[in-house]
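Undergrad: A single structure is presented below for examination.
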Amino acid sequence: MTDKDAVLDARADDDQFDLTLRPRLLSEYVGQQQVRENLGILLEAARRRGEPVEHVLLCGPPGLGKTTLAHIIANELGVAIKVSSGPAIDHQGALGSILLNLATRDVFFIDEIHRLNSVVEESLYPALEDFRFDAVLGKGVGASAATLPLPHFTCVGALALAMLDIDALGLEPLDRQLLETLITKFKGGPVGLDTIATSLSEEPETIEDVHEPYLIQLGFLARTARGRVATELAYRHLGIALPDPGPHQPRLL
């Protein structure tokens, strides 16, 4: 992939975009109302400050519009966008070639950003944080290091939720671990918050304020006077068999 192939100018004539079905502006984007509102606030703040948008990470399954949103960001700000992907940026030189050709406020979209190799990732970090590129000039014993300044740009990365180990209902690893601990170690509860926190090596406040509300909202967890209890829905979501209720106690009357 060459730089020329990777660049789309968001300021080009409208005819350039007639070949695609992608909306060009946020007002044309249909669905995902919360995403639109949040992105609109971010863009408006950047316009008022006259600065680039902060770096953006878009997560979700394929086909939900991550690439479209990256182009919308560039179009809304009237800047160019350079498009590449994790597998295509396979060495430090490829990354440097793109970064050093960015203009101030440009958008750099990296699809499948999770597929960048570790060497490229290490080079990308200072570019994102400090807007500098640490290059190695030459080879062998004659090689030397140089720090090159970069314009302030916006990086938009796209990755699948599966790479973050977030399941279809939005549960993070610790959410599932909390439920699994409650079920496998404490027979589904009831069990106290402090005991759960100790088992997970987490602060009780983190469990109570960050993780429990969503689990309760989904109906996977119940707070009772005796402690936390995993519900039948939690067992089913994790694929764990429900506990045997034990022998039936006949009624006396």
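Here the sequence shown stands for residues 95 to 347, where the numbers follow this note's numbering. Just so you know, even glycine gets a beta-carbon here, dropped at the ideal spot from N, CA and C.
Spell out a yes or no on whether the region 271–284 and the region 322–331 are touching, meaning 3 or more CB-CB pairs, one atom from each, closer than 8 Å.
TA: Yes, the region 271–284 touches the region 322–331.
Undergrad: Closer than 7 Å by C-beta to residue 305: which residues in its own chain qualify, once you throw out the five before and the five after it? Chain order, please.
TA: As a first step, residue 305 is located in the sequence shown; it is residue number 211 there, counting from the start. Closer than 7 Å at the Cβ level, and outside the excluded window around residue 305, lie 268, 269, 272.
Undergrad: Which residues mark the beginning and the end of the beta strand (DSSP E) in which residue 323 is found?
TA: Residue numbering aside, residue 323 sits at position 229 when the sequence shown is read from its first letter. Note, residue 323: beta strand (DSSP E), 321–324.
Undergrad: Could you check the C-alpha separation between residue 161 and residue 210 for me, to the nearest Å?
TA: Locating residue 161 in the sequence shown gives position 67, counting from the first residue. Locating residue 210 in the sequence shown gives position 116, counting from the first residue. In a straight line, the C-alpha of residue 161 is about 17 Å away from that of residue 210.
Undergrad: At a cut of 8 Å, does the region 142–159 reach the region 246–256 through at least three beta carbon pairs?
TA: Taking a cut-off of 8 Å on C-beta distances, the region 142–159 touches the region 246–256, as three or more cross pairs fall below it.
Undergrad: Taking the beta strand (DSSP E) that residue 226 falls in, what are its first and last residues?
TA: Mapped onto the sequence shown, residue 226 falls at position 132. From DSSP, the beta strand (DSSP E) with residue 226 extends over 226–231.
Undergrad: May I ask you to list the residues that DSSP assigns as paired with residue 238?
TA: Working through the sequence shown from its first residue, we reach residue 238 at position 144. Residue pairing from DSSP places residue 238 in a beta bridge opposite 231.
Undergrad: Please list the segments of the beta strand (DSSP E) lying wholly inside the region 130–196, counting only runs of 3 or more residues, in order along the chain.
TA: 150–153, 174–179
Undergrad: Can you tell me the Cα-Cα spacing of residue 246 and residue 197, whole angstroms?
TA: Stepping through the sequence shown from its first residue, residue 246 is reached at position 152. Stepping through the sequence shown from its first residue, residue 197 is reached at position 103. About 8 Å.
Undergrad: Compare the C-alpha of residue 192 against each of 206, 177, 181 and name the closest.
TA: One-based indexing of the sequence shown puts residue 192 at position 98. Looking at the Cα atoms, 177 is the closest of the given residues.
Undergrad: When you compare the CB positions of residue 314 and residue 300, do they come within less than 7 Å of one another, or not?
TA: To locate residue 314, count along the sequence shown from 1; it is residue 220. To locate residue 300, count along the sequence shown from 1; it is residue 206. At least 7 Å separates the beta-carbon of residue 314 from that of residue 300.
Undergrad: Give a yes or no on contact between the region 162–172 and the region 201–208, applying the rule of three or more CB pairs nearer than 8 Å.
TA: Result yes; three or more Cβ-Cβ pairs closer than 8 Å.
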